[in-house]
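Protein chains in written order, with our numbering: chain L, 1 to 295; chain B, 1 to 292; chain G, 1 to 423.
All C-beta atoms in this analysis are idealised placements derived from N, C-alpha and C, irrespective of residue type, glycine included.
A quick note: this is a predicted structure, and the numbers were derived from the prediction, not measured.
Let me begin by presenting the structure, written as structure tokens, before commenting on it.
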Amino acid sequence: MLDKKHVPHLLMVFPFLALFAVFFLYPIVSGFVYSFYDWNATTTSRFVGLANYQRVIHSRDFSKAMWNLGSYIVITVPVGIAVAFCLALLVESFKGFWQNFFRSIFFMPVVLPMFLAATIWRWIYTPNIGLLNTIRGLFGLPSVQFLNDTSTMLYSLIAVDIWVSAGFNMVIILAGMKNIPRHYYEAARLDGASKLQEILYITIPMLYPVLFFVTTYGVISALQVFDTPWLLTGSSFSQYGGRQNALLFPVMDMMGRGFGELKFGQAAAYGFILTTVIVSVTAVMFALRKKGHQP
Amino acid sequence: MTTDVGLIRSAAPNYALDLSIWTVLKWTVAICVAIVAVFPIVWMVNVVFAEPGVPVSINPRLLPTSLSAGIAKINTILSETGYLHAYYISITYSLLTIAGVLLFGSMAAFEFALFEFPGKRPMFAIVMLSLMVPTAVTLIPTYLLTANLGWLNTMQGLVVPGLASAFGLFMLIQFMRTIPREMIEAARLDGASHFQIYRHIALPMSRNALVTLAILTFMQTWGNFIWPLIVAPSPQMYTVGQVVGLFNAPFSHVTVDIVMAANLLAALPPLIFFLLFQRKIVEGIAMSGSKG
Amino acid sequence: MISTRYMHACAFALATAATISGARAQEPVTLEYWVYSDFAQGEALKLQQTFIEEFRKTRPNVTINISGKGDDDLTTGQVTGAASGNLPDVFMNGVNVGATLVEAGATKNIYAEFMAMPKEYRDSFDPALIAMCSPKPETMYCLPYTGYGSFMFRNLTVLKDAGVYTAAPIKDWADWLSQMEKVKASGKYAVPDQTQAWQSIVDTYSGVATPEEWGADFETKKTKVNEAKYAQTLQMFVDMQPYTSGTSRNDQATKDLFISNQLAFHLVGPWVNPTYAEAAKTSGLKYDYVLVPGKTEGDYGGIKGYEFIGVAPNKNAQVAFEFAAYVTAKEQMLRWAKRLSRYNASAAAMADPSVASDPLIAITNKAAANAIDGMPPYFKGAYPNCYRSILTDNAQTVADGGITPQDGAKELVEELNECLAGG
Numbered sequence: 001m002l003d004k005k006h007v008p009h010l011l012m013v014f015p016f017l018a019l020f021a022v023f024f025l026y027p028i029v030s031g032f033v034y035s036f037y038d039w040n041a042t043t044t045s046r047f048v049g050l051a052n053y054q055r056v057i058h059s060r061d062f063s064k065a066m067w068n069l070g071s072y073i074v075i076t077v078p079v080g081i082a083v084a085f086c087l088a089l090l091v092e093s094f095k096g097f098w099q100n101f102f103r104s105i106f107f108m109p110v111v112l113p114m115f116l117a118a119t120i121w122r123w124i125y126t127p128n129i130g131l132l133n134t135i136r137g138l139f140g141l142p143s144v145q146f147l148n149d150t151s152t153m154l155y156s157l158i159a160v161d162i163w164v165s166a167g168f169n170m171v172i173i174l175a176g177m178k179n180i181p182r183h184y185y186e187a188a189r190l191d192g193a194s195k196l197q198e199i200l201y202i203t204i205p206m207l208y209p210v211l212f213f214v215t216t217y218g219v220i221s222a223l224q225v226f227d228t229p230w231l232l233t234g235s236s237f238s239q240y241g242g243r244q245n246a247l248l249f250p251v252m253d254m255m256g257r258g259f260g261e262l263k264f265g266q267a268a269a270y271g272f273i274l275t276t277v278i279v280s281v282t283a284v285m286f287a288l289r290k291k292g293h294q295p
Numbered sequence: 001m002t003t004d005v006g007l008i009r010s011a012a013p014n015y016a017l018d019l020s021i022w023t024v025l026k027w028t029v030a031i032c033v034a035i036v037a038v039f040p041i042v043w044m045v046n047v048v049f050a051e052p053g054v055p056v057s058i059n060p061r062l063l064p065t066s067l068s069a070g071i072a073k074i075n076t077i078l079s080e081t082g083y084l085h086a087y088y089i090s091i092t093y094s095l096l097t098i099a100g101v102l103l104f105g106s107m108a109a110f111e112f113a114l115f116e117f118p119g120k121r122p123m124f125a126i127v128m129l130s131l132m133v134p135t136a137v138t139l140i141p142t143y144l145l146t147a148n149l150g151w152l153n154t155m156q157g158l159v160v161p162g163l164a165s166a167f168g169l170f171m172l173i174q175f176m177r178t179i180p181r182e183m184i185e186a187a188r189l190d191g192a193s194h195f196q197i198y199r200h201i202a203l204p205m206s207r208n209a210l211v212t213l214a215i216l217t218f219m220q221t222w223g224n225f226i227w228p229l230i231v232a233p234s235p236q237m238y239t240v241g242q243v244v245g246l247f248n249a250p251f252s253h254v255t256v257d258i259v260m261a262a263n264l265l266a267a268l269p270p271l272i273f274f275l276l277f278q279r280k281i282v283e284g285i286a287m288s289g290s291k292g
Numbered sequence: 001m002i003s004t005r006y007m008h009a010c011a012f013a014l015a016t017a018a019t020i021s022g023a024r025a026q027e028p029v030t031l032e033y034w035v036y037s038d039f040a041q042g043e044a045l046k047l048q049q050t051f052i053e054e055f056r057k058t059r060p061n062v063t064i065n066i067s068g069k070g071d072d073d074l075t076t077g078q079v080t081g082a083a084s085g086n087l088p089d090v091f092m093n094g095v096n097v098g099a100t101l102v103e104a105g106a107t108k109n110i111y112a113e114f115m116a117m118p119k120e121y122r123d124s125f126d127p128a129l130i131a132m133c134s135p136k137p138e139t140m141y142c143l144p145y146t147g148y149g150s151f152m153f154r155n156l157t158v159l160k161d162a163g164v165y166t167a168a169p170i171k172d173w174a175d176w177l178s179q180m181e182k183v184k185a186s187g188k189y190a191v192p193d194q195t196q197a198w199q200s201i202v203d204t205y206s207g208v209a210t211p212e213e214w215g216a217d218f219e220t221k222k223t224k225v226n227e228a229k230y231a232q233t234l235q236m237f238v239d240m241q242p243y244t245s246g247t248s249r250n251d252q253a254t255k256d257l258f259i260s261n262q263l264a265f266h267l268v269g270p271w272v273n274p275t276y277a278e279a280a281k282t283s284g285l286k287y288d289y290v291l292v293p294g295k296t297e298g299d300y301g302g303i304k305g306y307e308f309i310g311v312a313p314n315k316n317a318q319v320a321f322e323f324a325a326y327v328t329a330k331e332q333m334l335r336w337a338k339r340l341s342r343y344n345a346s347a348a349a350m351a352d353p354s355v356a357s358d359p360l361i362a363i364t365n366k367a368a369a370n371a372i373d374g375m376p377p378y379f380k381g382a383y384p385n386c387y388r389s390i391l392t393d394n395a396q397t398v399a400d401g402g403i404t405p406q407d408g409a410k411e412l413v414e415e416l417n418e419c420l421a422g423g
């Protein structure tokens, strides 16, 4: 049955797939099963059909969390990648030591553990005496409650997010730029192309796979955003999401329902609703990519 | 260095006028961005190395002001908590995870990126789908499974469930796709075995991707809080994240200085790790650059 | 002195062991003992270790591993531990999560063990707190341990500069507001934003309401909030809004404002005192503490909360209870209170003259007598998370001028009932 020539391939993928099946696939399937049960993780569970899903969708925080998520992604992904791309161009424009230097510096925030970045940023955003408000004070501007004013909270989160992730995306984009053959640029220059034209007609198209990877990964991880808003709002399992739930996101709500209220069945249902959203969004992205790539 | 003309390498004479403006501008922007990127970290260091109790509004901690106060705080933390032991746990946890993720991920990615074999497409699809399931869903089932294996409070309990990284696989596949098929065919004609091709062609050629993945995995494991929290609750297995969590508790009566000092200690290994690997990235990129 | 204390301890532990366990095989037992992280640091840890050593003198076959955990992490660990059958044998936690732990099966009914203890031990606790641990007859889920009643720290420098006469007590809310106005006029902040943390909301509401007018009835699934009185509280939030610092009572920034003479009042628990005492020494901070003002003269506000020691329902439960009983006995509670200047659940220890004279313990004691519980009744039903977020959302909307206090209170009661009903 099995062609002998396939054996080495299957042997190579086996360790990964075995671990994957046991520690990812099985928990996912079991989580899916639990999403149909009234389950508090300990005592025996009771089958409730779709009740968990209905509960979640009709709950008061669900639409708020989804709305927040939508607004967040629409801003943070494109802006984040634009920033990373510009940083990559900037770094690329230096040579030798300085290129290395700026790349390291720009990358630095990436290596900070998230809990640390959040602690620092909470201080920077502090009303009256925080760093940002001290600077505003120098210009005679009033103090802003960055993390406690519903009109600024989302942007405050996005700023931290980009601060943390731009360096990482920049390194990936840079690696991609290094792989673009030099002669493309040389040819373009012989044709009298401007700097901007080079970027538009060589750099961006040649970076297409890298940018696609960065965007896809950005979207998928943004859809699962959890620790940054959780820490910035000083959330705990009994209260989370910040003022008026302005920084409430689905995974936060999911964790709160699970560990705060012991509704693990509902949390699982929430997770699969979110999974459906993530799968749909990714599918659309891949479809668009295929369309864009038809030669 | 200021004569460096940056992107416009073989500067045509008619560009000459723009050059100085462009140079000034790019330096200004680069330095501003550098300040934004680094200042929060520097500020944290200043908070630690400042006399405790002086409010931020009086001493804004723009510069470190007291070396001895900082050392005293760090001493307090090292003596009152098992911080050094937590370093050992966290570093072991991270290194083992990196080794596993790189090994298993690259082996699988090599196949998925470059060869056809039965079941490839459905397997790949399932792995990619799993990337879209929030980890919060699988947390409890994975925990129960690990507990049933008797792996609570063990290193394998921390490490093994995280080894099959769907993200790592995805990333490595993206990079390995660019390996020219001709090289593999040529190696095969030279009599190289399948494993030798993986070992001597695929791995060296995806070095940049592997380093990037290593860094990312390190950051993920180092910053991972919830998994160690539930799977290794015993103090003998506390990771750095958990020890820092002790200081970050909201009703804790320790002062912000001590909290920052605990945080700073947690940030040191990643920073060192990064500085070490920064070289590797540079070499890797230089290598691929010279080829292009 | 030390030897008498030690004899006390031994005698007590022996009595405990004799009354409940009787003869028992001396097979080795290891207890996992989980405490709040700040109980596993510094002075508190030393004292905990002393208790463990003393207990081990009478039960040498017992090993006790103490682990500190952050607040949320205690509960997370216990919930997952309950799921996999790896519970900590003895643990501390807050009464607010008591019902959750009962539901998860992480805490044992210790009624029988408790009743088997000598009367002297049982009577050493504040009876109201024994009632708090006992949601039903013959059911007891905890030994009350430490706790707090909130009170108000006053920055005397700020108040003096604002021309407030601090020697006279604050009469009522109107008086309090007039002081805030003066503070604001002098360019400083008067209070933290009392609408940001649900504890601060209860803290203020308590100044007009009685304990019967707070909490939830889990049989009828209705909140016990008094709408008219809650509207008055919301009005107070509206009145205070111009004077707030914009930081919550739990923010590090609030302490910082207070220490740097930018903030007049800080309503919070006794755990903040070590920070302020340190600042008094190093930067000359002048402060005192008073009870939270109530709406009318003679009434006081304030919220109280307790931590307890519980025992897991597993094979070591008996020994675990003995250890818990040892730690919560009067002698140990007295040493605990003295060493850390912290109020606790042992009425007998609190009545001891050496403790009662401690000003911080005295005020906490008084504050607790006037305060109302955070999320009562405990160990009965778990409050859904929406309950707390409704409280803060509502107060913030009203304080921002979104709706009137009357409408706000009406809406609050409706929303809370909806939330309790499982919306």
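Limits of the alpha helix (DSSP H) - the one that residue i falls within
i        : result
Pro250/L : Pro250 to Met255
Phe97/L  : Gly96 to Phe107
Gly77/G  : Asp71 to Ser84
Asn365/G : Pro359 to Asn370
Residue i, buried or exposed, once every other Cβ within 10 Å from all chains shown has been counted against 16
i        : result
Ala351/G : exposed
Trp67/L  : exposed
Tyr155/L : exposed
Ala13/G  : Note that Ala13/G has pLDDT 49, beneath the 50 cutoff, so the model's placement of it is unreliable and the number below is only indicative. Buried.
Ala356/G : exposed
Asp191/L : exposed
Ala246/L : buried
Glu186/L : exposed
Leu17/L  : buried
Tyr208/L : exposed
Beta strand (DSSP E) segment containing residue i, residue limits
i        : result
Val268/G : Phe265 to Val268
Arg339/G : Here Arg339/G belongs to no beta strand (DSSP E); instead the alpha helix (DSSP H) covers Lys330 to Leu340.
Arg199/B : It is not in any beta strand (DSSP E) - Arg199/B carries neither H nor E in the DSSP assignment.
Residue-chain proximity (residue i, chain B), Cβ-Cβ < 9 Å
i        : result
Phe139/L : no
Asp3/L   : yes
Ser346/G : no
Leu412/G : no
Short CB-CB distance (under 9 Å) between residue i and chain L
i       : result
Ala23/G : Residue confidence is low: Ala23/G scores 42 on pLDDT, short of 50, so the model does not pin down where it sits. Its coordinate-derived value is still stated next. No - not a single Cβ of chain L is within 9 Å of the one on Ala23/G.
Those residues which DSSP pairs with residue i across a bridge
i        : result
Ile309/G : Met92/G and Leu143/G
Trp34/G  : Ser67/G and Phe91/G
Ile303/G : Ile372/G
heavy atom of the ligand FMN below 8 Å from residue i C-beta
i        : result
Asp253/L : Looking for the ligand FMN in the displayed structure turns up nothing, as the structure carries no ligands at all.
is_contact[residue i, chain G] using C-beta, thresh 9 Å
i        : result
Ala41/L  : yes
Tyr93/B  : no
Tyr240/L : yes
Between the segment 22-31 of chain L and the segment 40-49 of chain L, are three or more C-beta pairs nearer than 8 Å?
no
Below 8 Å, how does it come out for the segment 239-251 of chain G and the segment 168-186 of chain G: are there three or more Cβ pairs, yes or no?
yes
Report yes or no: do three or more beta-carbon pairs, one from the segment 190-201 of chain G and one from the segment 383-398 of chain G, lie closer than 8 Å?
yes
Quick test of the definition: if touching needs 3 or more C-beta pairs under 8 Å, does the segment 74-90 of chain B touch the segment 136-148 of chain B?
no
Using a Cβ distance threshold of 8 Å, determine whether the segment 292-307 of chain G contacts the segment 144-158 of chain G, with at least three qualifying pairs required.
yes
Taking any Cβ of chain A, which residues in the segment 116-143 of chain L have a Cβ under 9 Å from it, in chain order?
Of the protein chains in this structure, namely L, B and G, none is chain A.
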